[in-house]
Each structure stands twice: as C-alpha cells, then as structure tokens.
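Just below is one structure, and these are the notes that go with it.
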C-alpha cells in the first residue's frame with residue numbers, strides 16, 4: 001500500500017497541474033478551482049495513507065517508478081522511497097499545499113489568470129513532494145529545479161507590473177547561479193558511486209569506521225568535502241542564505257498564496273530535507289558544515305534585524321522566514337553526527353505550519369484592510385474573530401513561546417547546538433550564540449507586529465463587515481491554527497526520528513529572553529509602531545535590505561554584461577575577421593589576376609612562352 | 001525497400017516540382033510535398049523498426065558501394081529529420097513563399113530532407129560525403145531566394161557565407177576521408193568502426209582525426225568556426241531556419257561520431273581535449289553573446305552555438321555516458337531549436353523585424369498560444385528538468401567530470417565546471433527574452449495569435465519537448481547498444 005501511496009503523492013499534483021494547464025484558458029474559474037483544490041485534498045489523503053502504511057517502523061521502502069535510465073557508465077534508477085521522515089514531511093507539504101490552493105481559490109477569485117496560477121501551484125507542490133520522496137539524486141535535482149521555475153512563474157504572476165517581472169527574474173537567476181553548485185555536487189557524488197541512488201551514494205561516500213581499514217575503501221575526503229560544499233552552495237541559494245539572500249524579500253511581489261507556499265513548506269526549506277537525506281555524508285565533511293554554520297549564523301541574526309525595521313508586514317514575514325530557515329539549517333551544521341538531522345527536520349515541520357498560517361492570515365487581512373504596509377494594517381486585527389486569534393497563535397509560535405510548536409522545534413535546534421558545543425565544535429558555539437540572539441530579535445519583531453496589528457487606537461471594526469472569505473478559507477486557517485497549537489506533540493510520537501532532547505536550561509533562558517525582549521519593545525513603543533520609535537528615519541534603509549541589490553547589480557550583473565559586450569565585439573572584429581579577410585583576399589586576388597590578364601598583350605604572352613621554353617631547355621641541359 | 005522509398009519519393013517529387021511542375025499552384029505543390037514527406041516519414045518509421053539494409057555496387061573499381069542501413073545512432077536522427085520534414089511542409093501551407101516559385105520552395109525543402117536522410121543512412125564514407133554536400137545547394141537557394149525580403153545584400157552575404165564556409169570545411173573533411181580510406185583500404189563505415197583504427201600509426205590517426213574534426217566542426221558549428229550560423233539563421237525563412245538548426249547541424253555531430261570517433265579512436269583521443277575546450281568556450285561564448293544580442297533570431301542562433309557546445313563536450317569525453325549525452329542533446333536541441341525558430345520566425349513575420357529593443361505588445365497579453373510556446377521553448381533551452389534539454393546537458397556535465405581514462409582528468413573537470421556555469425548564462429538570456437517579449441503590460445500594436453497549420457506544428461513540437469523530458473528512457477535505450485559498440489570497440 002505504501003508504494004502506491006508514494007507514487008500517487010507525487011503523481012496526483014502533477015496530473016492536476018497538467019489538467020489545470022488545459023483548463024487554464026477557460027473563462028470560468030470553477031473547473032480549474034475544483035481540480036486544484038480537489039487534487040490537493042487527494043494528495044493529503046495519499047500522504048496520510050503513507051504515514052499509516054509506514055507506521056513508525058524504521059524500514060526504508062524503495063518504490064520503483066519508470067524504468068531506470070542506463071546512460072552508459074552511469075545508472076539512474078529513478079526510485080522513490082518511503083520512510084518515517086518522508087511520510088511525515090510529505091504530509092506537511094500536502095497540507096500546506098491544500099491550504100494554499102484553498103486560499104488562492106478565494107484570494108485570486110477575480111484574477112484573470114487564476115487557472116494558470118493554480119496549475120503552477122500544483123506543479124510546485126508536486127516538485128516539492130518529489131524532492132521529499134526521492135531516493136535518487138537526479139529526481140531530487142528534477143524537483144529542485146522545477147520548484148525554481150515554478151517560483152519564477154509564481155513571483156512573476158502579475159507580470160503586468162515591472163517590479164514583479166524584475167523580482168521573478170532576480171529570484172530565478174540568483175537561485176540558478178547557486179544551483180551550479182548543486183548540479184556539480186550531484187555530479188561528483190554520482191560519479192563516485194556510479195549510480196544516483198541514495199543508498200549507493202551514501203554507501204560510497206559516508207564515513208566508514210570499519211575495524212579493518214584495508215577491507216573497505218575509504219572515500220576521497222577532499223572530493224567529498226568539495227561535493228558537499230558545492231551542494232551546500234546550491235542550498236544556500238534556494239534557501240536565501242547570505243550571500244544569496246536578497247531575492248527572497250523581493251519575491252513578495254508574488255501573490256500572497258505563492259509567498260506562503262514558497263516560504264512555508266517548499267522551496268526555501270527544501271534544502272534542509274536534502275541535507276537530512278544525505279546526512280551521513282554531510283556529517284563527515286567538516287568544510288561543508290563550517291560553511292553552512294557560518295552562513296546560517298550570519299543570516300539568522302541579520303535577517304531578524306532587518307525584519308524588525310520593515311515598513312511592510314509581508315516583508316517582515318519574508319525576513320523572518322530567512323531567519324527561521326537559517327535556524328533549521330544551522331541545526332544540521334552543528335548537530336553531533338550520532339544525533340542525526342532530527343532537530344532541523346522538526347523545525348522544518350513546525351515552521352511550515354506557523355509560517356503558512358501567518359502568511360495566509362496576513363493575506364486575508366490585507367484584503368479587508370487594503371494592503372500589507374504597516375500603516376495600512378494598523379489596528380487591522382481588532383474586531384476580526386478569525387484572524388485575530390490565528391495571528392496571535394502564529395506570532396507566539398514564531399517567537400517560540402511554550403508550548404506552541406515553534407517553541408518545541410526551536411528548543412530542539414538550540415539543544416542540538418548545545419550538544420555540538422559540548423562535543424567541542426567551535427562552530428556550534430557560534431550557532432548557539434547567534435541562535436540566542438535570534439530568539440531575542442524574533443521576540444522583538446513579533447511583539448512589534450502584534451502591537452501594530454492590534455493597535456486599539458487605530459481600530460476600525462466596520463471594515464471587516466465586507467469580508468467575503470469563504471468557508472474553505474476559514475477552515476484552513478482553523479486547521480493551521482490547531483496544528484500550530486498542538487503540533488509540538490509530534491515529539492511524543494514515532495513520526496519523526498529525533499535523536500536529541502530539549503535542553504531545559506537553554507529553554508528556560510530563551511523563555512526569559514523572549515519575555516524580556518517583548519516587554520522591552522512594548523515599553524519603548526509608547527503606543528506607536530515600535531519600529532518607528534527605534535529605527536526611525538532609517539526605515540528606508542531596512543526596506544531595501546541595506547542596499548544589497550545594488551551589490552548584485554554592480555558586482556555581478558554589470559561585469560557579466562560588460563563581458564558580453566566584449567564577446568560580441570570580439571566575435572565581430574576578431575573571430576569573423578579572418579572569414580571576411582579570406583573573402584576579401586580572394587576577391588582581391590581575383591581582380592588582380594583579371595587586371596594582369598587584361599593588361600597582357602599578345603606579344604608579351606609570346607615572350608613569356610619563349611622564356612619558358614628557354615628555361616626548360618636550360619634545365620634539361622643542366623640536368624643532363 | 002523502405003529505405004529506398006524514403007529517399008526516392010521526396011527526391012522524385014522534388015525533381016518533378018523543379019522541372020515539369022514549376023507552375024503548379026501553392027496548394028497543389030504543398031499537397032504533393034506533404035504526401036511525399038508523409039510517405040518518407042512512414043518509410044523511415046518502418047525502417048527504424050525493421051532495420052533493413054541496402055547494399056549495391058556503385059563504383060566497383062574503387063570498391064565504393066551504395067550501402068545504406070539504420071542503427072541506434074542514426075535512428076533518432078532519421079526520425080527527427082522525417083518528422084520535421086513533414087513539419088516544415090505543413091508550416092508552409094498558410095504562408096506562400098516570397099522571392100521565387102512555390103514549387104521551387106517545396107522542392108528545396110524536400111531535397112534538404114532527402115540529403116539529410118541519405119547522410120544518416122549512408123554506411124560508406126564517400127557516399128556519406130556526397131549526401132552531406134548535396135544538402136548545401138537547396139539550403140543556399142532557401143536562404144538567398146526565399147530569405148528575409150528586406151535586405152537582398154544580407155541574403156546574398158548570408159547564403160554565400162554559408163555555402164563557402166561549409167564547403168571549405170567539407171574540403172578538409174574530404175581530405176580526411178580520402179586519407180582514411182587510403183590507409184585502411186575500405187570506405188565501409190561499419191568495417192572502419194570495427195577496425196577501430198588498428199594498423200594505422202597513431203601519428204597518421206591524429207592527422208586524419210584532426211582533418212575530419214576540423215571539417216565537421218564547421219558544420220556543427222564549434223567555436224571559433226561559427227560565424228556563418230547567425231547570419232544564415234537571421235535571413236533564412238522560418239522553414240529554412242528549422243531545417244538548418246534541427247537537421248543540418250546534426251549532420252555535423254553525427255559525422256563526428258561516425259568518422260573520427262568510431263574510425264580513428266586513438267587519433268580522436270589526441271584531438272579530443274582541444275575539441276572539448278572549444279566546446280566549453282562555445283557554451284560560454286554563445287551564452288554571453290545572447291545576453292546583449294538585439295536580434296531575436298540571431299540570439300537563438302547564438303544559443304545554438306552554446307547548446308552544441310554541450311554536445312561537443314559529451315562527445316569528447318570518450319565515455320559511453322558522454323556519447324549517450326551527446327546523442328541525446330543532439331536530438332533534444334533539434335526539437336527545441338525547431339520549436340523556437342517556428343515561434344521566433346512567426347514573430348518576425350508579424351512584427352516585421354526581430355529587434356528586441358522595439359517596444360511591442362507582450363505576448364502573454366495578446367497572443368497566449370505563441371507566448372506559451374515561447375516560454376516552453378525558453379524553459380527547455382535553459383535546461384529545465386522535465387523538458388528535453390535537461391538530460392543531455394546534465395549527462396554531458398557528468399561525462400566531462402568523469403572522462404575516459406586516457407583523457408586529461410583535470411582539464412575535463414574544469415570544463416565540467418565551465419559548462420555548468422554556462423547553464424546560468426542560458427537562464428539569463430532565456431529570461432531576458434521572456435522579460436522583454438513575453439511578460440509586460442503593453443497590448444499595442446496587436447498581433448495575430450498562432451492558429452491552423454502553424455499552431456499544429458508548434459503543438460507537436462511542444463509535446464515532443466515534454467515527452468523527451470519526462471521519458472528520456474526510450475531514446476537513451478535506442479542509442480545504448482550502438483554506443484557500447486563504438487566506445488567498446490576502442491582498445
């Protein structure tokens with residue numbers, strides 16, 4: 001049963017995308033909506049079946065798909081797998097996919113391109129589910145790249161706006177540049193194993209501690225580090241870690257459901273799961289772990305600082321995603337090898353719920369208050385019976401308040417860092433300190449968002465009267481709220497393979513930090529937007545992300561275009577010059593010969609003949 | 001029998017159109033050509049399944065034979081040629097050619113198809129050469145007579161450049177073929193491949209390989225021998241561009257596999273590193289040129305240079321994976337570039353030029369079908385998995401990372417990194433085109449969306465791009481055995 005469920009989990013959204021594409025041109029969006037929402041629900045059912053079928057056993061079920069590809073020396077089996085981890089995360093992805101489809105059906109009800117949007121979301125979900133279920137590096141790469149392409153289409157959905165077009169281009173190019181690393185990492189790993197199947201790759205590259213050193217061939221450590229560093233570069237790009245981070249906030253140009261999908265459970269968090277699958281190899285490459293630890297430590301603090309000063313609350317959430325994804329990746333960078341990737345995967349699980357909740361709630365609110373700018377949203381929560389408690393739970397979870405799901409997973413991450421530090425890893429100390437700093441900053445920006453949204457003085461309850469949200473929208477917000485409230489219970493089930501435990505000392509410390517930071521922000525606010533009080537006139541600087549976009553343009557785009565101009569010049573004036581030169585020489589020779597002939601008189605021709613005869617005669621005599 | 005049918009029918013119809021049928025109407029000529037190309041396609045399909053052979057004496061005193069056959073390496077290319085042969089004729093239905101008689105236009109299309117099919121069938125080195133050259137003349141007519149109506153001088157320049165440049169390459173190739181035949185005493189390509197260059201000193205092998213590679217590299221085209229391609233594409237009519245990109249370029253890579261790679265493997269191994277470096281330079285060079293190119297058709301032509309770079313890189317790696325990658329990328333590029341040239345050619349007809357700097361209506365707003373086809377073509381061109389372009393390029397990067405034992409590993413690994421960087425450039429220029437042409441808010445000046453025969457051709461190509469991307473297995477399996485024979489034969 002699990003095999004069929006695994007295949008269908010990936011297949012159902014894919015087929016939905018194809019059907020959606022065929023339906024996309026219809027004027028009436030109902031058929032497209034029915035297919036999209038129905039298929040996403042079916043995917044949830046399939047994912048549930050997989051969870052039941054796997055049922056907490058530690059077995060790995062390999063599932064065949066289409067026949068393996070025999071590409072000469074390389075074998076590409078194209079298989080999927082079902083484990084406890086894949087089943088749980090696939091369920092999370094399917095739930096978020098359903099929530100996004102159901103929300104988009106209402107949010108984009110008047111959009112003339114809703115059909116194509118829904119089809120793209122289906123394809124995006126399918127690609128993420130493929131990454132989750134994949135037991136083959138090439139299938140992972142396929143899902144990885146298809147997600148990137150779908151993100152391009154979704155971010156650029158409103159392609160009539162120049163800013164959306166630019167954001168889509170930027171998102172795709174930045175992630176694609178990083179993906180060079182991912183592709184090369186995959187190539188190196190596959191080349192070492194002669195196959196792209198995870199079991200073979202892990203066997204060929206994982207650290208071997210066999211007692212008899214001669215019996216098992218040790219993998220080339222340098223090459224392994226190179227492969228994992230390259231893979232990590234690709235993951236840094238897709239996850240928006242420093243220095244690739246600047247595409248993600250711009251991606252807010254896309255419709256809110258797309259943002260929820262990209263941020264909550266798919267593309268941005270996908271790298272966590274890929275590393276988790278390859279954890280045995282990853283844990284053995286110090287270089288790659290250092291790179292990941294440094295980049296994530298910087299990102300989590302930097303993005304949290306930026307989140308605080310945003311004048312647009314949707315962009316605040318975008319930066320909070322960066323910070324939170326950095327947290328989940330950092331767990332992989334520092335967790336002791338024997339603990340495994342559990343903490344990072346747990347944070348992926350929990351972040352999916354509360355971030356989807358926050359994005360969809362803010363999207364809903366933006367419809368009734370008319371925008372996502374902090375000034376427009378001021379007091380917006382007041383009087384809304386649905387969004388207010390949802391937002392409250394979501395923000396508390398993001399801040400990491402017990403016993404919500406965000407608290408449970410964040411403490412696991414910090415505990416992993418603590419354990420790594422106890423193991424004597426210097427990078428674990430860096431991550432632990434950055435993590436605690438992030439806890440403070442996160443509490444601060446969550447408090448700020450709440451104070452802005454819940455400001456009684458700016459309340460205008462009447463504007464909620466025109467709320468047209470349909471039943472599915474209310475249902476999905478309720479479901480996500482409940483999952484955010486009680487999702488932490490997963491640690492008591494066998495659904496995730498954890499490996500570590502909450503460190504109660506650190507947990508106590510972080511709760512104190514959260515309360516302190518919250519109170520401090522509240523007291524500084526004085527009834528105003530705390531960010532205006534604290535950041536003040538420097539807000540535009542925060543809004544454009546400290547001007548990193550300029551750096552991308554000045555140090556990458558411009559030089560490449562200049563090089564391109566040089567290439568075109570060389571192509572025309574050097575590479576093509578010998579071609580034109582040959583033509584010119586031929587025509588010059590031709591006209592020269594013609595002139596020589598024309599100038600020739602009969603007598604001179606005769607003279608040449610005589611001269612020739614004499615020359616031949618002389619030669620004959622001389623050689624006699 | 002089926003082989004001869006697929007050759008004789010297009011040739012006979014073409015000859016009649018050029019002689020007795022010069023005055024037939026457009027409809028009649030198109031109908032005749034359609035029937036001929038459909039018969040040829042049916043015959044090719046049967047030939048690919050049945051795998052018959054033709055073997056007749058031709059010039060007995062020289063030991064030359066009419067030797068035609070189908071194997072795993074030629075089968076995909078034969079199918080590609082025959083399908084696109086039908087496609088270009090169908091595409092012409094709604095657009096009577098300007099610049100000459102419609103009969104001549106159709107005759108040229110059929111002759112190109114005939115020559116290309118003969119090239120892929122040929123199992124005799126000299127016969128291969130003859131068929132290879134046969135294609136030049138009808139293609140020249142297509143470019144100089146039926147090309148871009150705006151600029152007669154550009155047509156003459158592009159046509160002349162195309163013929164002279166490739167004929168120059170062919171001369172080098174002919175010398176190589178003659179040297180090879182003289183040294184090994186046979187012109188039978190199968191015998192040559194089985195012999196694998198045994199008995200020929202490595203120095204001679206290298207010389208022969210260098211001559212063959214240099215000659216064929218013009219056709220592919222490999223950097224820096226590519227400058228005939230952009231003008232030819234820019235001026236050729238849409239059907240001509242499609243045949244040029246999807247069929248003629250493939251003859252070059254096919255020749256590289258059949259002649260130097262299979263016949264003189266030791267010599268080819270000596271030349272391969274240079275060829276691989278040039279292929280990698282081509283990837284970057286073509287990609288960079290596309291970033292600033294103003295003419296959309298020229299841009300697609302430069303992107304061909306980049307894509308063929310991947311094919312060359314795969315070929316040079318000397319592994320079975322590399323050869324598989326090259327053959328796959330070859331077919332994939334045939335389909336993708338055909339799609340792109342049909343779309344871009346159609347746009348040029350509608351716009352009156354292909355200049356990217358002119359403000360136009362966004363395709364997504366005014367012509368959803370053309371817009372969709374363009375975006376699929378661009379996505380495939382940047383190597384998106386799930387579409388045709390991905391497998392060949394990924395496998396050729398893989399092959400470059402783990403080349404054959406007799407190749408310099410460090411060099412090839414560097415080239416793998418360079419080629420992977422090339423995919424970013426591909427993404428950049430594809431999205432540059434998408435941003436200028438596809439997305440936007442302008443709806444003026446309005447243009448007509450694709451329909452009828454043009455849309456049929458586009459739809460078939462889109463489906464082919466998808467099928468090759470989702471199920472690469474059958475094509476890889478088709479070439480698999482033949483690849484093992486060729487690379488396995490190398491000592």
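Chains as they are written, first to last, in the UniProt record's numbering: chain A, 1 to 624; chain B, 1 to 491. Glycine included, C-beta positions come from ideal geometry on N, C-alpha and C.
Residue i versus the options, residue with shortest Cα-Cα distance
| i | options | result |
| --- | --- | --- |
| residue 337 of chain B | B:64, B:233, B:317 | B:233 |
| residue 399 of chain B | B:196, B:470, B:324 | B:324 |
| residue 34 of chain B | B:176, B:481, B:487, B:453 | B:453 |
| residue 96 of chain A | A:120, A:329, A:261 | A:261 |
| residue 74 of chain A | A:196, A:100, A:47 | A:196 |
| residue 327 of chain B | B:389, B:60, B:207, B:341 | B:389 |
| residue 86 of chain B | B:205, B:61, B:6, B:478 | B:6 |
| residue 627 of chain A | A:35, A:227, A:518 | In this structure chain A extends from 1 to 624, so residue 627 of chain A is not present and cannot be described. |
| residue 342 of chain A | A:515, A:486, A:490, A:292 | A:490 |
| residue 212 of chain B | B:228, B:261, B:191 | B:261 |
| residue 360 of chain B | B:95, B:434, B:307 | B:434 |
| residue 422 of chain B | B:439, B:26, B:187, B:305 | B:305 |
| residue 166 of chain B | B:128, B:192, B:227 | B:227 |
Boundaries of the beta strand (DSSP E) in which residue i is found, first to last residue
| i | result |
| --- | --- |
| residue 53 of chain B | 53-59 |
| residue 14 of chain A | No beta strand (DSSP E) holds residue 14 of chain A; the alpha helix (DSSP H) holding it covers 2-23. |
| residue 409 of chain B | Counting along the chain, residue 409 of chain B falls outside any beta strand (DSSP E), though it belongs to the alpha helix (DSSP H) covering 409-433. |
| residue 70 of chain A | 69-71 |
| residue 284 of chain B | Element bounds for residue 284 of chain B: not the beta strand (DSSP E) but the alpha helix (DSSP H), 265-292. |
| residue 80 of chain A | 80-82 |
As assigned by DSSP and simplified to three states, the class of residue i
| i | result |
| --- | --- |
| residue 135 of chain B | coil |
| residue 145 of chain A | helix |
| residue 73 of chain B | coil |
| residue 214 of chain A | At residue 214 of chain A the pLDDT is 45, less than 50, meaning the model places this residue with poor confidence; the figure from the coordinates comes in the next sentence. DSSP places residue 214 of chain A in coil when its eight states are reduced to three. |
| residue 350 of chain A | helix |
| residue 133 of chain A | helix |
| residue 159 of chain A | coil |
| residue 466 of chain A | helix |
| residue 291 of chain A | helix |
| residue 247 of chain A | helix |
| residue 636 of chain A | Here chain A comprises residues numbered 1 to 624, so residue 636 of chain A is not present and cannot be evaluated. |
| residue 188 of chain B | strand |
| residue 476 of chain B | helix |
| residue 205 of chain A | helix |
| residue 354 of chain B | coil |
| residue 228 of chain B | coil |
Close Cβ partners of residue i (< 8 Å) along its chain, the five nearest in sequence each way excluded
| i | result |
| --- | --- |
| residue 248 of chain B | 112, 116, 135, 139, 219 |
| residue 522 of chain A | 447, 451, 530 |
Beta-carbon proximity list for residue i, same chain, < 6 Å, skipping 5 on both sides
| i | result |
| --- | --- |
| residue 163 of chain A | 253 |
| residue 258 of chain A | 154 |
| residue 472 of chain A | 102 |
| residue 234 of chain A | 178, 179, 181, 182 |
| residue 588 of chain A | none |
The alpha helix (DSSP H) enclosing residue i, as first and last residue numbers
| i | result |
| --- | --- |
| residue 59 of chain A | No alpha helix (DSSP H) holds residue 59 of chain A; DSSP gives it neither H nor E. |
Whole-Å CB distance - residue i paired with residue j, under 8 Å assumed
| i | j | result |
| --- | --- | --- |
| residue 418 of chain A | residue 432 of chain A | 6 Å |
| residue 435 of chain A | residue 300 of chain A | 7 Å |
| residue 4 of chain A | residue 47 of chain A | So it is not a contact: roughly 13 Å between Cβ atoms. |
| residue 387 of chain B | residue 469 of chain B | 4 Å |
| residue 466 of chain A | residue 92 of chain A | Not quite, the Cβ-Cβ distance comes to about 34 Å (not below 8 Å), so this is no contact. |
| residue 48 of chain B | residue 79 of chain B | 6 Å |
| residue 438 of chain A | residue 348 of chain A | Going by Cβ atoms, the distance from residue 438 of chain A to residue 348 of chain A rounds to 17 Å, so no, they are not a contact pair. |
Sequence-distant residues of its chain with Cβ nearer than 7 Å to residue i (five each side left out)
| i | result |
| --- | --- |
| residue 398 of chain A | 320, 354, 358, 406, 442, 446 |
| residue 463 of chain A | 368, 369 |
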